[in-house]
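Mapping of the sequence shown onto the numbering used here: position 116 corresponds to residue 186, and the numbering continues sequentially without gaps.
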Amino acid sequence: MDRVSVQTNVLKANQEAARENRRLFEREGTVVINLMSAPGAGKTSLLEATIRGLRDRCHLAVIEGDLQTDLDAQRIRDLGVRSHQITTGTVCHLDARMVARALVEFSLRGVELLVIENVGNLICPASYDLGESLRVVICSVAEGAEKPKKYPVMFHKADVVVLNKTDLAIASRVDLRELEKNVREVNPKATVFALSCTTGEGLNAWFAWLRDAIASRSITAAAGT
Ligand code: MG
Ligand code: ZN
């Protein structure tokens with residue numbers, strides 16, 4: 071088999087596993103976010119801020135994906151939230167089967183929001199559906215305004231784009247409006263949030279959006295039963 075058909079088969083098998091995951095998530099009434107970004111853009115920091123902002127109002131759980139260590143899962147557990155670490159070894163993305171295996175022991179009963187923090191990488195995670203309800207991509211201003219143009223596939227497929235570290239815009243000499251314009255060029259439909267996990271600026275709008283996503287999911291789930 072040539073390389074292209076091997077890749078096509080891998081993605082097809084992934085699609086089947088993703089469909090199974092999606093059925094499970096819908097059955098449990100869990101909103102699932104696939105959280106993606108380059109390394110260091112602030113995925114785990116946004117998660118920590120989100121847990122602090124929402125833990126009194128909704129039942130959250132987290133799956134972490136990294137090549138090595140369970141440092142991020144530990145950061146989440148330190149905040150009193152259940153988390154499971156997937157270590158991928160040499161694989162630079164999560165796939166649907168890794169998530170399915172994690173879900174064998176990680177019960178979603180009663181979980182309203184599950185965030186899956188993908189491996190830090192702006193390229194191949196975009197090609198692997200995990201069965202998520204929503205794709206959230208973080209771009210930190212410190213990465214420069216051109217990132218969305220250089221990695222269009224990742225940004226094009228996002229439901230939400232979070233522009234993080236707005237407090238570093240001046241120090242990074244990045245024009246936030248230009249960064250947002252570049253996001254819109256690649257993906258006019260994405261919901262965009264500009265925020266800082268350090269200062270807290272912009273976090274409330276993100277929390278409100280998440281609460282709406284959870285509320286509308288519960289309504290759909292109730293209507294389906
Ligand atoms: Mg992380
Ligand atoms: Zn990869």
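Quick reminder that beta carbons are idealized off the backbone N, C-alpha and C, glycines included.
Bounding residues of the beta strand (DSSP E) (the contiguous stretch that carries residue 47): Because the chain here runs from 71 to 295, residue 47 falls outside it and cannot be looked at.
Under 5 Å, CB to nearest heavy atom of the ligand ZN: contacting residues: 162, 163 and 194
Leaving aside the five residues before and after residue 179 along the sequence, list all residues of the same chain whose C-beta is less than 8 Å from its C-beta, in chain order. 98
Any residue with its C-beta under 5 Å from a non-hydrogen atom of the ligand MG counts. Can you list them all in chain order? 113, 114 and 142
Residue 71 classed as buried or exposed, judged by whether at least 16 other C-beta atoms fall within 10 angstroms: exposed
Same chain, Cβ closer than 6 Å to residue 256, five either side skipped, listed in chain order: 218, 222, 225 and 226
What does the alpha-carbon distance come out to for the pair residue 111 and residue 79? 31 Å
With a 10 Å radius around its C-beta and 16 neighbouring C-beta atoms as the bar for buried, classify residue 138 as buried or exposed. exposed
Close Cβ partners of residue 194 (< 8 Å) along its chain, the five nearest in sequence each way excluded: 162 and 163
First through last residue of the beta strand (DSSP E) which encompasses residue 186: 183-187
Starting from residue 75, follow the alpha helix (DSSP H) in both directions and report where the run begins and ends. 73-98
Locate the beta strand (DSSP E) running through residue 264, then write down its first and last residues. 261-264
Please classify residue 101 as buried or exposed, where buried requires at least 16 neighbouring CB atoms within 10 angstroms. buried
Could you give the distance in angstroms between the alpha-carbon of residue 74 and the alpha-carbon of residue 197? 14 Å
DSSP three-state assignment for residue 128, whether helix, strand or coil: coil
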